[in-house]
Amino acid sequence: AQSVTQLDSHVSVSEGTPVLLRCNYSSSYSPSLFWYVQHPNKGLQLLLKYTSAATLVKGINGFEAEFKKSETSFHLTKPSAHMSDAAEYFCVVGYEAGTALIFGKGTTLSVSS
Amino acid sequence: GAVVSQHPSWVICKSGTSVKIECRSLDFQATTMFWYRQFPKQSLMLMATSNEGSKATYEQGVEKDKFLINHASLTLSTLTVTSAHPEDSSFYICSARIIGTTLSYEQYFGPGTRLTVT
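Chains as they are written, first to last, in my numbering: chain Z, 1404 to 1516; chain F, 47 to 164.
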């Protein structure tokens, strides 16, 4: 079965330091990959998406992710964390057009001052 | 563009009653809508796939008689939780796929509905 794995359930960083949230997906010939953020008691906001164009994808709020087919990874990074980045982050994969997306279990990002 | 709304945003109901949640695509037509539920501090779990004009497809373990889904138009899908019980308390999120787009993987999510059953 197709799947997506977020390697860390919780990541803690200090404000101003880099953020790395890791995501691996099960191999497929043409996955679409997304990162969503969810703040407490809020809906999902799309951060960025990869759909077979450039492998380095830039998103909102300074986030970016790199699609690495050889490693089946799509890690999310940000050079400098901000307090407002504290939230739940979901790596999401689409394996077949029109079907439901597959969600990772999520990574909680905490940012301390 | 591509905005999905849900109504209500939160609801509290008594055990045994039914609750209807609406999911609307405001500025596009959606042939397919998806319903998810999310328990506290957990990921989203797909409940069912709703196609306009046909019966919904439910995921394994989801009771179709308890979670009634209707997708009567290209902009509206409803989820009715029948005879709700406290264990149905959850955050329900819908998403919609844009019709006729090459970005057919992409879905747009509603803001969610917090259901609390007392």
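Every residue, glycine too, gets a C-beta built ideally from N, C-alpha and C.
message: Let me confirm a value: Ile1463 (chain Z) is counted as buried when at least 16 other C-beta atoms fall within 10 Å, else exposed. Which label applies?
response: Here residue 1463 (chain Z) is taken as the residue at index 60 of the first sequence, counted from 1. With fewer than 16 Cβ atoms within 10 Å of its Cβ, Ile1463 (chain Z) is classed as exposed.
Closer than 7 angstroms at the beta carbon, the chain F residues around Phe1506 (chain Z): Reading the first sequence from its first residue, position 103 is the one you call residue 1506 (chain Z). The contacting residues are Ser89, Leu90.
- request: Run down chain F in chain order and give the residues with a C-beta less than 9 angstroms from the C-beta of Lys1445 (chain Z).
  value: Counting from 1 along the first sequence, the entry for residue 1445 (chain Z) is found at position 42. Contact of Lys1445 (chain Z) with chain F by beta-carbon distance below 9 angstroms involves Pro157, Gly158.
- prompt: Would you say the beta carbon of Ser1487 (chain Z) comes nearer than 6 angstroms to a heavy atom of the ligand FMN?
  reply: Within the structure as shown, the ligand FMN is missing, as the structure has no ligands at all.
Three-way DSSP call (helix, strand, coil) for Ser1515 (chain Z) in this model: Here residue 1515 (chain Z) refers to the residue found at position 112 of the first sequence. Of the three classes helix, strand and coil, the one that applies to Ser1515 (chain Z) here is strand, per DSSP.
message: Please tell me whether Ala1468 (chain Z) has its Cβ less than 7 angstroms away from any Cβ of chain F.
response: In the first sequence, residue 1468 (chain Z) corresponds to position 65, counting from 1. By this cut-off, Ala1468 (chain Z) is not an interface position.
Three-state secondary structure (DSSP) of Lys1481 (chain Z): As a position in the first sequence, residue 1481 (chain Z) is number 78, starting the count at 1. Residue state, collapsed to three classes: strand.
task: Using DSSP bridges, identify the partner residues of Gly1497 (chain Z).
output: Within the first sequence, residue 1497 (chain Z) is the residue found at index 94, counting from 1. Bridge partners of Gly1497 (chain Z): Z:Ser1435.
query: Phe80 (chain F) versus chain C: which residues are under 7 angstroms apart at the beta carbon?
result: The structure shown contains no chain C; its protein chains are Z and F.
query: Any idea which residues DSSP pairs Thr159 (chain F) with across the strands?
result: As a first step, residue 159 (chain F) is located in the second sequence; it is residue number 113 there, counting from the start. According to DSSP, which records beta bridges pairwise, Thr159 (chain F) is partnered with F:Tyr138.
- request: Under the assumption that Leu1424 (chain Z) contacts Leu1479 (chain Z) (Cβ atoms under 8 angstroms), give the Cβ distance between them as a whole number of angstroms.
  value: Numbered from its first residue, the first sequence carries residue 1424 (chain Z) at position 21. Numbered from its first residue, the first sequence carries residue 1479 (chain Z) at position 76. Confirmed, about 4 angstroms.
message: Just to make sure I have the definition right: I need the residues of chain Z whose C-beta is within less than 8 angstroms of the C-beta of Glu177 (chain F). Which are they?
response: Nothing can be reported for residue 177 (chain F), as the shown portion of chain F is limited to 47 through 164.
- prompt: Are Leu92 (chain F) and Tyr82 (chain F) close, meaning C-beta to C-beta below 7 angstroms?
  reply: Residue mapping note: residue 92 (chain F) aligns to position 46 of the second sequence, counting from 1. Residue mapping note: residue 82 (chain F) aligns to position 36 of the second sequence, counting from 1. Yes, the Cβ-Cβ distance between Leu92 (chain F) and Tyr82 (chain F) is below 7 angstroms.
query: Under 7 angstroms Cβ-Cβ, which residues of chain F neighbour Phe1493 (chain Z)?
result: Here residue 1493 (chain Z) corresponds to residue number 90 of the first sequence, with the count starting at 1. By Cβ distance, chain F contributes Ser89.
- prompt: Taking only beta-carbon atoms, is Gly1462 (chain Z) less than 7 angstroms away from chain F?
  reply: As a working note, residue 1462 (chain Z) is residue 59 in the first sequence. It does not: the Cβ of Gly1462 (chain Z) has no partner Cβ on chain F nearer than 7 angstroms.
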